[in-house]
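Beneath this line is the structure, given in structure tokens, with notes to follow.
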Amino acid sequence: MTSTPTGTPMGARPDEVRRHNRTVLLRRLHVGGPCTRASLAAELGLNRSTIKALVDGLAESGVVEERVPRQRSGAGRPSLLVLPQAHAAVVLAVDVRVDQVAIALVGLGGEILGRNSWNLRVRTREPEEVVTHVVDSAIVLAADIGVTMVAGGVSVPGVVRRSDGLVHEAPNLHWTDVPLGDRLMSVFDMPVVVGNDAELGALAEHLRGAARGSSDAVYVSADVGVGGGVISDGSALRGTAGYVGELGHMMVNPAGRPCYCGSRGCWETEVGEPALCRALGLREGAPRGAVVAELRSLAESPEEVRERLAVFTEWLTVGLVNVVNVLGPELVVLGDLFTALPASLISDVAQEVRRRSLVSRAVGGTRIEASTLGGDSTLLGAAELAFEPVLDAV
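With positions in the sequence shown counted from 1, the corresponding number in our numbering is that position plus 2.
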């Protein structure tokens, strides 16, 4: 069946076409930011009368507004910019980590309207404690800002069933079969989607970060464990029932340390936060700030980086060579703790991956870069996960 330029099947009813075009236009503004009507028509392949009708309708409902650009060039009347209105649709983003939970209220267009975070201890890491604190904090934050939440997205460092948000296993949180999605939906009375942290980091980087414009990319993040998210042909790779991206449990060192998964020498035992602490001469479990501070002090001396982190660098390279050979991305984005690695180390690793990887050489060299979103990648990914169905309904 053939399709129109925006992807609607030929023969679709006029109301279906209008709804589809409206969603496509809104998604373009949400992800791409302000744009003129003429540019929207050119990008989306729609005629100007259709764009006018869509923009007028969205403006009447308060979803977008048109404004004269601040910077004007040339003579004559400037073209108005169409801007998404952040308060027209606000979602709750939740990022659950091993030692911290962060929440944010994110408006249409990706603007963070407000945020809060708190540390986790052994007792407060229990699922019910986390849910209670998330609910209480989100309600207070929404009231302070004066907005209504319409959906939620949650990032969790574990294996998550996308259909209902069941956290099958989040070992570093000591969670097993936690119905997180159902629990939050019942309390908030709104749609809540739960995803794996690395997958959501990949989504955020693809839409708003270093992987923007890359149709095939892999996001690799390090915390206590290591995870991966894959963008393939412009879409997130989600695997069976949503289970995908456990790159940290790729075996790289059969003689290595035991891993909680039951195997030995998994990649995360060689390059996760505990391994980085050992390489830096810090005690395992040292505060994240101490790890980052030590890495920053090393960054001024590339030779010292190569000397002290030689073993860590080798295992990072080995794992990335495997990732590139199997998945063949044009870009690998290093996130979370990996963003603190010295630039010289990342450059050395990228050079070695290009040298050792058959696939990288075949595609002209896979790029390896640090995340541009820093610690917000998974939080923003959770927001984008929540926005996916919202954009159809705004």
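All C-beta atoms, glycine included, are put in the ideal place defined by N, C-alpha and C. On a predicted model such as this, the values are computed, not experimentally measured, just so you know.
Cβ-based burial, G236 [other Cβ within 10 Å; buried from 16]: exposed
Contact belief for D231 with E201 at Cβ below 8 Å, rounded distance in angstroms: Note that residue 231 corresponds to Gly in the displayed sequence, not to Asp. 4 Å between Cβ atoms; contact.
Every unbroken alpha helix (DSSP H) within the region 340-382, with a cutoff of 4 residues, ordered by chain: Considered as a whole, the region 340-382 harbours 345-358, 360-364 as its complete alpha helix (DSSP H) runs of no fewer than 4 residues, in chain order.
Own chain partners of L393 with C-beta closer than 7 Å, once the 5 adjacent residues on each side are dropped: T25, L28, R29, H32
Beta-ladder partner(s) of I233, from DSSP: A219, A238
DSSP beta-bridge partners of L82: Bridge partners of L82: none, in fact.
Beta-carbon proximity of P344 to A372, cut-off 8 Å: no
Best match in W269, E305, E386, A88 for proximity to H208 [C-alpha to C-alpha]: E386
Within 8 Å, strictly: CB atoms of H170 and D179: yes
Among D350, D225, R125, S119, the one whose alpha carbon lies nearest that of V138: For the sequence presented, residue 138 should be read as Asp rather than Val. Residue S119 is the option with its Cα nearest to D138.
Terminal residues of the beta strand (DSSP E) in which D338 lies: D338 -> beta strand (DSSP E) spans 333-338.
Residues that R266 bridges to, as DSSP identifies them: P260
Beta-carbon spacing of M151, M187 below 8 Å: Contact: no.
Beta-ladder partner(s) of S157, from DSSP: D97, G197
Per-residue burial, E332 [other beta carbons within 10 Å of its own, 16 or more giving buried]: Buried: at least 16 other Cβ atoms inside 10 Å.
Option nearest A388 by Cα separation, candidates R240, G35, V96: V96
Host alpha helix (DSSP H) of R24 (start-end): If you look at R24, you'll find it in the alpha helix (DSSP H) that goes 16-34.
Continuous beta strand (DSSP E) stretch holding R69: start and end: 66-69
P159 versus V100 - alpha carbon distance: 8 Å
Nearest-angstrom Cβ-Cβ length linking G267 and P256, presumed shorter than 8 Å: 5 Å
As assigned by DSSP and simplified to three states, the class of L278: helix
Under 8 Å between C-beta atoms of L107 and V133: no
Between the CA atoms of L249 and A91 - distance to the nearest angstrom: 34 Å
Limits of the unbroken alpha helix (DSSP H) element including P436: Past the boundaries of the shown model lies residue 436; the chain is included only from 3 to 396, so the question cannot be answered.
Beta-bridge pairing of I105 - partner residues as DSSP gives them: V96, N118
6 Å CB neighbourhood of L318 in its chain, flanking five on each side removed: V273, V351
Cβ-based burial, P86 [other Cβ within 10 Å; buried from 16]: buried
C-alpha distance - I84 paired with D58, whole-angstrom precision: In the sequence as presented, Ile is not what sits at residue 84; that position holds Val. When rounded, the distance between both Cα atoms is 10 Å.
Cα-Cα separation between R356 and R280, rounded to whole angstroms: The alpha-carbon atoms of R356 and R280 are separated by roughly 27 Å.
Residue span of the alpha helix (DSSP H) that contains E306, given as start and end: 304-310
R39 in three-state terms, based on DSSP: helix
Contact set for F190: own chain, Cβ-Cβ below 8 Å, skip 5 residues either direction: L94, V137, A140, M151, G154
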